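Take 9 as the starting number for the sequence shown in this note's numbering and just add one per residue.
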Amino acid sequence: MRQLTTEFVKTNSAAWEMDRIQETASRLARATPEETLRWAFEQFGETATIATGFGAEGVALIDIAVKVTPTPNIFFLDTAFLFPETHELRQRIESRYGIRIKSFQSQLTPQQQEIEFGPRLWSTDPDLCCRLRKLEPLKEALQGRAAWITAIRRDQTIERSNAEVVEWDYQWQLIKINPLVRWGRGDVWDYIKRNHVPYNALHDRGYPSIGCTHCTISVGEGESERAGRWAGKVKTECGLHAPARSLVVLAG
Ligand code: SF4
9 MRQLTTEFVK TNSAAWEMDR IQETASRLAR ATPEETLRWA FEQFGETATI
59 ATGFGAEGVA LIDIAVKVTP TPNIFFLDTA FLFPETHELR QRIESRYGIR
109 IKSFQSQLTP QQQEIEFGPR LWSTDPDLCC RLRKLEPLKE ALQGRAAWIT
159 AIRRDQTIER SNAEVVEWDY QWQLIKINPL VRWGRGDVWD YIKRNHVPYN
209 ALHDRGYPSI GCTHCTISVG EGESERAGRW AGKVKTECGL HAPARSLVVL
259 AG
């Protein structure tokens, strides 16, 4: 049977062995999101950061995080193409929890992007558009961090189906922590309703998953929750969450 190679993973706060990451993932496999976040903040402190896109999972994760630690480090990627409802939600969340959520942007304004790459890049080359407006700002957001915490769930996409609660992120070269990985959509909404968590008004208007205005449409009854993202294109992910296992180095 092929085994994972052992390699040392250097983070800013510790040197983690791949074995240790796998052992931690096994130990936290059945942990609640609260337990996972408590472990993450104890382990990585200020060097852990939470990424949010202000989706339903993202707001639930923020609510849980502030109950574990009052001022968690949180950021989002402002692509310049977000819905006004998303910006309004950011303000509601900041005032409800008394926190600041940092934003990271592309170095190119939409106008500069159009001059350099042509009009409607999200339509002609959405991968490049995502790279410029999401991946490059994410790289900056993760600079100097030991771990990032995301709200992904395994059942959202094929690419996320193998995500572990704790894993090494080969794409971004730091620890990735996914406290909600075992939750389903129902768990997320149960949590939001039970805890009166602020959420995006678009969710009540047929938008289960919300990204940029150019690449998000509402979905019909019974359609998959991500059917409105890049509808009509083969693209299903923006590229922030590369599947970890496909990138793991395997020994003969
Ligand atoms: S989701 Fe669409 S508009 Fe937003 S960065 Fe990606 S391609 Fe561009």
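We treat Cβ as the ideally placed atom computed from N, Cα and C, and that holds for glycine.
A quick note: this is a predicted structure, and the numbers were derived from the prediction, not measured.
query = If you check the beta carbons only, do T44 and V173 fall under 8 Å apart?
reply = Locating residue 44 in the sequence shown gives position 36, counting from the first residue. Locating residue 173 in the sequence shown gives position 165, counting from the first residue. Contact: yes.
inquiry  = Using only Cβ atoms and a threshold of 6 Å, which residues come within that distance of a heavy atom of the ligand SF4? Order them by chain position.
reply    = T87, F89, W130, P134, C137, C138, R141, K142, G219, C220, H222, C223 and C246
inquiry  = Measuring straight from C-alpha to C-alpha, what distance separates Y215 and N81?
reply    = Taking the sequence shown and counting its residues from 1, the one referred to as residue 215 is at position 207. Taking the sequence shown and counting its residues from 1, the one referred to as residue 81 is at position 73. In a straight line, the C-alpha of Y215 is about 27 Å away from that of N81.
task = For A88, I'd like the list of residues in its chain whose CB is within less than 6 Å of its CB, leaving aside the five on either flank, ordered along the chain.
result = Indexing the sequence shown from 1 puts residue 88 at position 80. Same-chain partners within the cutoff: P118.
ask   = So what's R278 in DSSP terms, helix, strand or just coil?
value = Residue 278 is absent from the structure shown; the chain starts at 9 and stops at 260.
task = Could you have a look at E241 and say whether DSSP puts it in helix, strand or coil?
result = Translated into positions along the sequence shown, residue 241 becomes position 233. Residue identity differs from the one stated: residue 241 is Lys in this sequence, not Glu. Residue state, collapsed to three classes: coil.
query = Where DSSP assigns a beta bridge to E233, which residues make up the other side?
reply = For the purposes of this step, residue 233 is identified with residue 225 of the sequence shown, where counting begins at 1. BP columns for E233 are empty, so no partner.
key: For I225, the three-state DSSP class (helix, strand or coil)   = Taking the sequence shown and counting its residues from 1, one reaches residue 225 at position 217. Here I225 sits in coil by DSSP.
query = Looking at the structure shown, is A259 part of a helix, part of a strand, or coil, going by DSSP?
reply = Numbered from 1 along the sequence shown, position 251 holds the residue referred to as residue 259. At A259, the pLDDT of 27 sits below 50, so the modelled position is not reliable; the number obtained from the coordinates is stated separately. DSSP places A259 in strand when its eight states are reduced to three.
ask   = Between I166 and L97, what straight-line distance do the alpha-carbon atoms span, to the nearest angstrom?
value = Here the question's residue 166 lines up with position 158 in the sequence shown. Here the question's residue 97 lines up with position 89 in the sequence shown. Answer to the nearest angstrom: the Cα atoms are 28 Å apart.
query = Going straight from the alpha carbon of M26 to that of Q51, what length do you get?
reply = On the sequence shown, position 18 is the one that residue 26 refers to. On the sequence shown, position 43 is the one that residue 51 refers to. Their backbone Cα atoms lie some 16 Å apart in a straight line.
ask   = Is L85 closer than 8 Å to L146 when the C-beta atoms are compared?
value = Here residue 146 is taken as the residue at index 138 of the sequence shown, counted from 1. Here residue 85 is taken as the residue at index 77 of the sequence shown, counted from 1. Yes, these two residues count as a Cβ contact at 8 Å.
ask   = Taking the C-alpha atoms as reference points, what is the distance between K142 and Q30?
value = Here residue 142 is taken as the residue at index 134 of the sequence shown, counted from 1. Here residue 30 is taken as the residue at index 22 of the sequence shown, counted from 1. Going from the Cα of K142 to the Cα of Q30 covers about 28 Å.
message = Taking 8 Å as the threshold (C-beta atoms), are T55 and I109 in contact?
response = As a first step, residue 109 is located in the sequence shown; it is residue number 101 there, counting from the start. As a first step, residue 55 is located in the sequence shown; it is residue number 47 there, counting from the start. Contact flag unset, no.
ask   = Since I157 contacts A48 with CB under 8 Å, what's their CB separation in whole angstroms?
value = For the purposes of this step, residue 157 is taken as the residue at position 149 of the sequence shown. For the purposes of this step, residue 48 is taken as the residue at position 40 of the sequence shown. Indeed, because the Cβ distance is near 6 Å, the residues count as touching under 8 Å.
request  = Measure the C-alpha to C-alpha separation of A73 and I183 and round it to an integer number of angstroms.
outcome  = Taking the first residue of the sequence shown as position 1, residue 73 is located at position 65. Taking the first residue of the sequence shown as position 1, residue 183 is located at position 175. Across the structure, A73 and I183 are spaced so that their CA atoms are roughly 17 Å apart.
ask   = Under a three-way DSSP split, which group does D212 fall into?
value = For the purposes of this step, residue 212 is taken as residue 204 along the sequence shown, with counting starting at 1. Reduced to three states, the DSSP call for D212 is helix.
query = CB-CB under 6 Å to E124, same chain, minus the five flanking residues each way: which ones, in chain order?
reply = In the sequence shown, residue 124 corresponds to position 116, counting from 1. Closer than 6 Å at the Cβ level, and outside the excluded window around E124, lies no residue.
Beta-carbon proximity list for L129, same chain, < 7 Å, skipping 5 on both sides = Locating residue 129 in the sequence shown gives position 121, where the first residue counts as 1. Correct list, in chain order: Q121, L136 and C137.
request  = Kindly identify the DSSP beta-bridge partner or partners of E175.
outcome  = In the sequence shown, counting from the first residue as 1, residue 175 sits at position 167. Note: E175 sits in a beta bridge opposite K184.
query = Under three-state DSSP, which class holds L12?
reply = As a working mapping, residue 12 is identified with position 4 in the sequence shown. Because the pLDDT of L12 is 42, which lies under 50, any placement of that residue in the model is unreliable, and the question is left without a value.
P187 vs P78 beta-carbon contact at 8 Å = Within the sequence shown, the letter at position 179 stands for residue 187. Within the sequence shown, the letter at position 70 stands for residue 78. It is not a contact, given that the beta carbons lie outside the stated cut-off.
key: Whether Y178 touches A250 by CB criterion (8 Å)   = Within the sequence shown, the letter at position 170 stands for residue 178. Within the sequence shown, the letter at position 242 stands for residue 250. In this structure, A250 lies closer than 8 Å to Y178 by Cβ.
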